[in-house]
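First the structure, in the form of structure tokens, and then the observations on it.
Number of protein chains: 2
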Amino acid sequence: MLDYDDDSLVTNNHPSSLLVPTLLSCTSKKRLDGADVLTAYVAGLETQYHLAHEYDLEWHVESGWHATPTLGIFGVVAATANLLDLSPEETEHAFNIASSMPAGLRQNFGTMTKPLHVGHAARSGLTAVLLASEGFTADKRAFDEFVSLYMGGHDDTRPELELEHDWLSLYDTTYHLKKYPCCGNAHAAIAGALELSQDYEFSTNEIHAVTILAPEFTKSDLQYPNPSSGLEAKFSMEYAVAKALVEGELVLGDFTDEQLDNEIVEDLRQRILYEGNKDIPFGDFETTVEIELQCGTTLQTVCHEPPGTHENPLTDSEIESKFMNCATQTVGRTAAARALEQLLNLRNVSDVSKICDSLRR
Amino acid sequence: MLDYDDDSLVTNNHPSSLLVPTLLSCTSKKRLDGADVLTAYVAGLETQYHLAHEYDLEWHVESGWHATPTLGIFGVVAATANLLDLSPEETEHAFNIASSMPAGLRQNFGTMTKPLHVGHAARSGLTAVLLASEGFTADKRAFDEFVSLYMGGHDDTRPELELEHDWLSLYDTTYHLKKYPCCGNAHAAIAGALELSQDYEFSTNEIHAVTILAPEFTKSDLQYPNPSSGLEAKFSMEYAVAKALVEGELVLGDFTDEQLDNEIVEDLRQRILYEGNKDIPFGDFETTVEIELQCGTTLQTVCHEPPGTHENPLTDSEIESKFMNCATQTVGRTAAARALEQLLNLRNVSDVSKICDSLRR
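Just so you know, the protein sequences line up as chains A and B, in that order. Counting from 1, one number per residue, gives the positions in the first sequence under our numbering. Counting from 1001, one number per residue, gives the positions in the second sequence under our numbering.
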């Protein structure tokens, strides 16, 4: 429940949160090498991209669905069907079985139920594949019915995908690694606020007010102006920006219940105004941060690409450090470092279950 | 996967298919007496009735949702929260957690995935309750969001329920036990066809054609004019009526893959015309069966209430015989008879887990 995963603007979801644990769980059924697992992962990712591109993702998300499980379940089906060598017919049944299982509401963001969506959908997708591999049947039109109910039907206005060419560019331009451990829709504002505070070196108590103008669609995710728990704080634009300005950075430990009990952050949070801009297209980050100082000076910046996006990628050492921060929540540094070494060399690992062993508590 | 369960016109679903196994599973967590289990069952049933009555069930079903899991999951939440003594706050969280889990498409009727819906939703509802009982949280507006997405929003045109008075009449008038082991929407046609064949004593090869005029909404469930498996045959109006006319009754064994290989039934099935009548309100059974004999005579009947409905209930011995037919698919006659005796006296059973023991293979 770290809310620190990868992020895809094309699918408006966190593709790896379902794919990685499900693929690793398959190593208990079958000996799998790293290249197999990578191929299956790509199949899972491409399937989600395809769904998001072919159908009306904006309608889906704005209707209230949480795209991580509702698209991700089909990513899991594609990935595990690939890994477990299902026939085309079995794979088709698996997709149609899974069409009866997607669920997850954005309304539950900021509660424990958001990460539950991920586990529920990952289990459901893998269940569909295992059932299909044993001869379980579904209706051949069930997936079309899923599309009609959950995605607003087929969107004929979209251009045909040219697969070979487009998938690679989709990867390159849309797959982000979060630098900050909170909702990705707050990242451009956090980056903008930190940029101003680093460039102008004012202290927190010199700030009179902060105004954030972010894309309108971010408002329904960042629904806690006044968070009452660490979980809600991850979905609070106001808290995230206030905490970043006070601390000069944002780390995993900043989103605990205890951290909310901080007068300086609390005081600044109440002077942050967060507004939605309807002119920015769905999926764009463009966010304006304006800081008005007590002295009357107003500082402003516009962030188009927060750190972790393709245009502003994390460095290798930032990625390694993020992995170590996450993994050491559960296992010791030695085990985490061993797993990292194997993961960085995944293509050449002959038995992926050994990585799971390294990460076992 | 017998498709032989109870049937509710108010909820357009099979309320006990989720409630009974889930409640029985709770006997492994806690010693429960029969009165507790009955109370919890009623809570589960009332909750589904409330959902169907308060919101737009017709929209829900006609959109493509399968109401057995999508309403049933909340029945399971209410029933098991009652049985496991959750606090009101925990129960509210359980409803809001479960709001992120309903799924199931009517498109998958006639395949193995239809009964999978039931197990998937029963597990999800119980999971929500067990999580809530351990302090797991959800958003307080998630259930409203479920209603908005799945039920077409709140239907203000419906009259307020007068609970104490109405629930009892809902039970009495809307809760059916299937006499025939196939989709309930075919029952009025089956009963009408059997009535004509008993009253006029023609033989099958004297039939020139059969015309069935059933409510329009039955057409989307009974989607297999030409079934290719026993599962599809349960959702085939044409097969069910042909088989009933040939055999003079319909029993569990009539819906196996092997039974489809029958020339006489097959020949008659192809002479059955099944049409939808848009004038009959959603939920009514009214079905006209017309049989034209080779000699030119035309016989006609209209069935308003097939056997098993409130107006035309099964006898006690029919119910007992149905239980024995179902239970002996799994356990021997002695064990089934012992379980039946305990179930008929459920209110006075001091430890319901003993009934489960009787039914264990």
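Glycine included, every Cβ here is placed at the ideal spot set by N, Cα and C.
*Between which two residues does the alpha helix (DSSP H) carrying Tyr1041/B extend?*
1034–1054
*Helix, strand or coil at Cys1326/B [DSSP, three-state]*: helix
*Are the C-beta of His1165/B and some C-beta of chain A separated by less than 8 Å?*
Caution is warranted here: a pLDDT of 48 is assigned to His1165/B, below 50, making its placement in the model unreliable, and no coordinate value can be reported.
*Proximal chain B residues relative to Ala142/A, where beta-carbon distance stays under 9 Å*: Leu1105, Gln1107, Asn1108, Thr1111, Thr1113
*asked:* So that I know if they touch, is there some Cβ in chain B lying closer than 8 Å to that of Met101/A?
replied: yes
*Is Tyr224/A helix, strand or coil when you go by DSSP?*
coil
*Ala1209/B by DSSP, collapsed to three states: which one?*
strand
*Would you mind reading off the limits of the alpha helix (DSSP H) that contains Leu1126/B?*
1113–1133
*For Gly1110/B, count neighbouring Cβ atoms within 10 angstroms of its own Cβ and tell me buried if that reaches 16, exposed if not.*
buried
*Would the beta-carbon of Glu145/A fall within 8 Å of that of Gln1107/B?*
yes
*Run through DSSP, which three-state label would Val1147/B get?*
helix
_Local conformation of Val241/A per DSSP, three classes_ = helix
_Which complete alpha helix (DSSP H) runs does the region 298–361 of chain A hold, if anything under 4 residues is left out?_
316–327, 333–344, 353–358
*Assign His165/A to buried or exposed, taking buried as 16 or more other Cβ atoms, counted over all protein chains shown, within 10 Å of its Cβ.*
Only weak support exists for where His165/A lies, its pLDDT of 48 falling under 50; the coordinates are left without a value.
*Apply the 10 Å Cβ neighbour rule to Ser1321/B and answer buried if 16 or more other Cβ atoms are within range, or exposed otherwise.*
exposed
_What would DSSP say about Glu201/A, mapped onto helix, strand or coil?_
coil
*Reference Asn205/A, options Ala52/A, His304/A, Cys295/A, closest by Cα*: Cys295/A
*Compare the Cα-Cα distances from Thr1027/B to each of Gly1119/B, Thr1137/B, Thr1080/B and report the closest residue.*
Thr1080/B
*With which residues is Leu293/A paired in a DSSP beta bridge?*
Ile207/A
*asked:* Tell me which residue opens and which closes the beta strand (DSSP E) that Asn277/A is part of.
replied: 272–277
*Measuring only between beta-carbons, confirm whether Glu145/A sits less than 8 Å from chain B.*
yes
*Mind checking who Pro1102/B pairs with in its DSSP beta bridge?*
Bridge partners of Pro1102/B: none, in fact.
_Interface partners of Ala1138/B on chain A, CB under 8 Å_ = Asn108, Thr111, Met112, Thr113
*Examine the Cβ distances between the region 121–140 of chain A and the region 1087–1095 of chain B and report whether three or more of them are shorter than 8 Å.*
no
*Could you name the residues of the region 59–90 of chain A whose beta carbon sits closer than 9 Å to any beta carbon of chain B, in the order they occur along the chain?*
Ser63, Gly64, Trp65, His66, Pro69
*asked:* 8 Å is my cut-off, CB to CB: does Ser28/A come that close to chain D?
replied: This model lacks chain D altogether; the protein chains it does include are A and B.
*What are the boundary residues of the beta strand (DSSP E) that includes Leu177/A?*
175–177
*beta strand (DSSP E) containing Ser16/A: first to last residue?*
No beta strand (DSSP E) holds Ser16/A; the alpha helix (DSSP H) holding it covers 15–26.
_Quick check on this structure: which residue in Glu1201/B, Ile1190/B, Pro1021/B, Tyr1041/B has the alpha carbon closest to the alpha carbon of Val1118/B?_
Pro1021/B
_Whole angstroms are fine: how far does the CA of Tyr1274/B sit from the CA of Thr1068/B?_
25 Å
*Coarse secondary structure for Ala1067/B, derived from DSSP in three states*: helix
*Are any of the Cβ atoms in chain A nearer than 8 Å to that of His1310/B?*
no
_chain B residues whose Cβ lies nearer than 8 Å to that of Ser148/A_ = Gly1064
_For Asn226/A, count the other beta carbons within 10 Å of its own beta carbon; 16 or more makes it buried, fewer makes it exposed. Which is it?_
exposed
_Identity of the residue in Glu1286/B, Gly1184/B, Thr1297/B nearest Ser1236/B by Cα_ = Gly1184/B
*Name the chain B residues that come within less than 9 Å of His120/A, Cβ to Cβ?*
Ser1100, Met1101, Ser1124, Thr1127
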